[in-house]
Each structure stands twice: as structure tokens, then as C-alpha cells.
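Asker: Mind having a look at this structure? Questions to follow.
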Amino acid sequence: LVASNNPPLRLILGSMVYDLAMDTLKARMATWEEWEAVSRASEKAIPAPERYGV
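Heads up, the sequence shown is in this note's numbering, so the first residue is 1 and it goes up one at a time.
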């Protein structure tokens with residue numbers, strides 16, 4: 001792991017913890033997908049700061 005060319009920022013160790021982390025991530029992603037339209041619409045409701053992206 002230490003000599004890896006691309007070490008993970010976070011490493012999940014153990015089957016039970018891995019399963020829990022994946023279940024949690026899937027639940028979060030499902031919520032984000034459910035609310036995607038609201039999230040994307042908020043860009044139109046709140047103007048970007050001046051010179052944003054310049």
C-alpha cells in the first residue's frame with residue numbers, strides 16, 4: 001500500500017465495514033439522484049458570483 005502508485009485517500013478494511021460503506025453510499029446516491037432536478041435548478045435561482053469561472 002505504501003509503495004502504491006495510486007494509494008487510496010481512504011481505505012475500507014474488513015468485509016462488514018465495506019458492506020456498510022457501500023450500502024450507505026448507494027443510499028446517498030439514490031437520494032441525490034432523486035433530488036437532482038432541484039439541485040440543478042438551484043443554479044438558476046442563485047446567480048454565480050461576478051467573475052466566477054474566469
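Glycine residues also receive a C-beta, built at the ideal position from the N, C-alpha and C atoms.
Assign Y18 to one of three DSSP states: helix, strand, or coil.
Answerer: For the purposes of this step, residue 18 is taken as the residue at position 18 of the sequence shown. Looking at Y18 - three-state DSSP - the assignment turns out to be helix.
Asker: In the structure shown, what three-state DSSP assignment does L1 receive?
Answerer: Within the sequence shown, the letter at position 1 stands for residue 1. DSSP places L1 in coil when its eight states are reduced to three.
Asker: Tell me which residues share the same chain as A41 and place their Cβ nearer than 7 Å to its Cβ, disregarding the 5 neighbours each side in the sequence.
Answerer: Position 41 of the sequence shown, counted from the start, is the residue given in the question as residue 41. There are no such residues.
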